[in-house]
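Chemist: Have a look at this one before I ask anything.
Chains as they are written, first to last, in the working numbering: chain C, 1 to 192; chain P, 1 to 392.
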């Protein structure tokens, strides 16, 4: 792992991109890393584009600014490709991971000439199959861990079971579905 | 001995309050401080604290409830931001002049208008002369640590003044980062109990806040001023005791690479961390740069700032508050005053930055150092009151 890995999340208000960034910070913290997980707040409206960020590092990072040159970008809603320049500043050594039922190459034309890796995962379908509803953030979390390797996969899966048990303490029926969504996304993500 | 955790700044402050277990919280929600009473009210509902939680209809009432409680001899706390702090204005002065050491978690947010929920320091800077102590935090850890120390400072018999424990809205309040917590038993032993010499429920009858006639008013103000003067020593005493418990040291200011710095920044809050990254980058390139972060803005560390800065060539004083004095921000004015008697003294430049959540980057801070270098080279600040990262 690099000394510091920076990740930017693009989603729409209500889809859970902020929650996913906080869960990723949790999981990375559990592997002994220094973490930052934070959303960028504006007028809060369901459906409006929102951004959230993660820094994951070996040493404490003192910087408190947004991330302009991320290593990875996660796009929780495919329609954002046509509203936001999601790959702006993205490292060509990194990857963009999009919630989409398309193959990675089909999206390249919509990414402003980005030359790095494009990954897709059908988070909507996975969520419907495992949770019965469209909650794409858990599958996207699985996909970004798989693609970035920022957390060892085995630790990650084990830790997330604990995180979900904590998060869904009053709704334990959600735990298994979320675990299936996470693992399925890690298996299915297409790396192009 | 510490407990490794990851918490947002708001979670950290709410957790500190849970550990302290104050007698009363009076609160009214406002972004971005809402989570503090929200989390705390859950602790109350779960029986994890025995605090009397008073949900009120406005911030004016929230601080009024705290004033009544504190005057009765209770340890009272509240939390607010921006317009909420503005609505407390009258009571801020009542609390301070009645010598009631209330603790207020201030999550800094721009004060209207136009309306904006994001961070700057215009809310608490406006209250800088209300008689409250003000401690500022760079990180969630510092927000937590300042809260643990706040009551000990405020309630000290030589101080007896209320305290604001400030952190940057969203930037630290809503960001999860690593933190080291203190065990609750140790916190309770450190924070102790509020035992005022006089209170409404004490053995002797008394009244709080009566009319003060010209024959006495000025003496009371002189005493109040002395409390603020004494607070400098008490802040350092409490910090030494806190360091013995946690290993984490605090002062009135924090210096970073100032030993031989030619150019330096003075700033408050989360952007100090971003500026530290700029300092390290420039030091690696051989530049003699450093920074001074202000932890205690009230009492103002004038002598400490003069000692830290007087050998610099050029200093940028950075205000996250416009000030509208037409002569630079409030921090700039006070740093200028602190250095007036120093010889030699540096060239001083005012920067207004980061208003209403305008992002502050490492590159921006490097640019300020670049401009300071130019100021130093020419020996004069062509434009002494500058705005950072603002479009014409």
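We put the beta carbon where it would ideally sit given N, CA and C, even for glycine.
Assign residue 189 of chain P to buried or exposed, taking buried as 16 or more other Cβ atoms, counted over all protein chains shown, within 10 Å of its Cβ.
Modeler: By the 10 Å Cβ count, residue 189 of chain P comes out exposed.
Chemist: Do the CB positions of residue 128 of chain P and residue 330 of chain P come within less than 8 Å of each other?
Modeler: Taking 8 Å as the Cβ cut-off, residue 128 of chain P and residue 330 of chain P qualify as a contacting pair.
Chemist: What separation, rounded to the nearest whole angstrom, lies between the Cα atoms of residue 261 of chain P and residue 48 of chain C?
Modeler: Approximately 46 Å between the Cα atoms of the pair.
Chemist: Quick one: which chain C residues come within Cβ less than 7 Å of residue 359 of chain P?
Modeler: Within chain C, the residues near residue 359 of chain P are 65, 66.
Chemist: Is the beta carbon of residue 274 of chain P closer than 8 Å to that of residue 63 of chain C?
Modeler: Cβ distance < 8 Å, so residue 63 of chain C and residue 274 of chain P count as in contact.
Chemist: Starting from residue 37 of chain P, trace the alpha helix (DSSP H) in both directions and tell me its first and last residue.
Modeler: Its alpha helix (DSSP H) spans residues 35-45.
Chemist: Determine, for residue 12 of chain P, whether the minimum Cβ-Cβ distance to residues of chain C falls below 8 Å.
Modeler: It does not: the Cβ of residue 12 of chain P has no partner Cβ on chain C nearer than 8 Å.
Chemist: Taking 8 Å as the CB-CB limit, is residue 121 of chain P close to chain C?
Modeler: Judged by the 8 Å Cβ criterion, residue 121 of chain P is not in contact with chain C.
Chemist: What is the rounded straight-line gap between the Cα of residue 57 of chain P and the Cα of residue 29 of chain P?
Modeler: Looking at the two C-alpha atoms, the distance is approximately 9 Å.
Chemist: Let's see if you can read the secondary structure: which residues bound the beta strand (DSSP E) around residue 319 of chain P?
Modeler: 314-319 is the span of the beta strand (DSSP E), which, as asked, contains residue 319 of chain P.
Chemist: What do you get for residue 324 of chain P, buried or exposed, if any count of 16 or more other CB atoms within 10 angstroms of its CB means buried?
Modeler: Exposed.
Chemist: For a contact defined as C-beta to C-beta under 8 Å, what are the partners of residue 145 of chain C on chain P?
Modeler: Within 8 Å Cβ-Cβ: nothing; residue 145 of chain C doesn't reach chain P, min ~17 Å.
Chemist: Would you tell me roughly how many angstroms separate the C-alpha atoms of residue 89 of chain P and residue 156 of chain C, rounded to the nearest one?
Modeler: Roughly 49 Å between the two C-alpha positions.
Chemist: Are the stretch 178-185 of chain P and the stretch 49-63 of chain P touching, with three or more C-beta to C-beta distances below 8 Å?
Modeler: They do not touch, by the three-pair rule.
Chemist: Less than 8 Å between the CB atoms is what I'm expecting for residue 27 of chain P and residue 103 of chain P, so what's the real figure, rounded?
Modeler: Not a contact, Cβ separation roughly 12 Å.
Chemist: Assuming residue 54 of chain C and residue 7 of chain C make a contact with CB atoms under 8 Å, what is their CB distance in whole Å?
Modeler: That pair is a contact at about 4 Å.
Chemist: Which residue from C:19, C:28, C:165 puts its Cα closest to that of residue 256 of chain C?
Modeler: In the structure as shown, chain C starts at 1 and stops at 192, and residue 256 of chain C therefore has no counterpart that could be examined.
Chemist: Ordered along the chain, which non-local residues of its own chain (more than five positions away) have a Cβ less than 6 Å from that of residue 10 of chain P?
Modeler: Same-chain partners within the cutoff: 35, 36, 173.
Chemist: For chain P, check one thing: does any of its Cβ atoms lie closer than 8 Å to the Cβ of residue 62 of chain C?
Modeler: It does: the Cβ of residue 62 of chain C has a partner Cβ on chain P nearer than 8 Å.
Chemist: Measuring CB to CB, does residue 116 of chain P end up less than 8 Å from residue 356 of chain P?
Modeler: Yes; because the gap between Cβ atoms is below 8 Å, this pair is in contact.
Chemist: What residues in the stretch 30-50 of chain C bring their beta carbon closer than 7 Å to a beta carbon of chain P?
Modeler: Those residues of the stretch 30-50 of chain C that come within reach of chain P (Cβ to Cβ, closer than 7 Å) are 34, 35, 36, 37, 38, 39, 41.
Chemist: Express the C-alpha separation of residue 161 of chain C and residue 175 of chain C in angstroms, rounding to a whole number.
Modeler: Taking the straight line joining both Cα atoms gives about 7 Å.
Chemist: Starting from the Cα of residue 366 of chain P, find the closest Cα among P:294, P:281, P:299 and give me that residue.
Modeler: Nearest option by C-alpha distance: P:281.
Chemist: Answer yes or no: does any C-beta atom of chain C fall closer than 8 Å to that of residue 362 of chain P?
Modeler: Yes, residue 362 of chain P counts as interfacial toward chain C.
Chemist: By DSSP, does residue 115 of chain C sit in helix, in strand, or in coil?
Modeler: Coil.
Chemist: Residue 418 of chain P and residue 24 of chain P look like a contact to me (Cβ under 8 Å); what is the Cβ gap, rounded to whole Å?
Modeler: Outside the shown range of chain P (1 to 392) lies residue 418 of chain P, about which nothing can therefore be said.
Chemist: Between the alpha carbons of residue 375 of chain P and residue 346 of chain P, how many angstroms are there, rounded?
Modeler: In a straight line, the C-alpha of residue 375 of chain P is about 11 Å away from that of residue 346 of chain P.
Chemist: Should residue 26 of chain C be flagged as near chain A, meaning a C-beta pair shorter than 8 Å?
Modeler: Considering every chain present, this structure includes no chain A. Its protein chains are C and P.
Chemist: Report buried or exposed for residue 67 of chain P, applying the criterion of at least 16 other Cβ atoms within 10 angstroms of its Cβ.
Modeler: Under this definition residue 67 of chain P is a buried residue.
Chemist: Rounded to the nearest angstrom, how far is the Cβ of residue 161 of chain P from that of residue 210 of chain P, given a contact under 8 Å?
Modeler: With a Cβ gap of about 19 Å, residue 161 of chain P and residue 210 of chain P do not count as contacting.
Chemist: Pull the bridge partners of residue 18 of chain P from the DSSP assignment, please.
Modeler: Beta-bridge pairing links residue 18 of chain P to no other residue.
Chemist: Name the chain C residues that come within less than 7 Å of residue 293 of chain P, Cβ to Cβ?
Modeler: Near residue 293 of chain P there are no residues of chain C at all, since even the closest Cβ is about 11 Å away, more than 7 Å.
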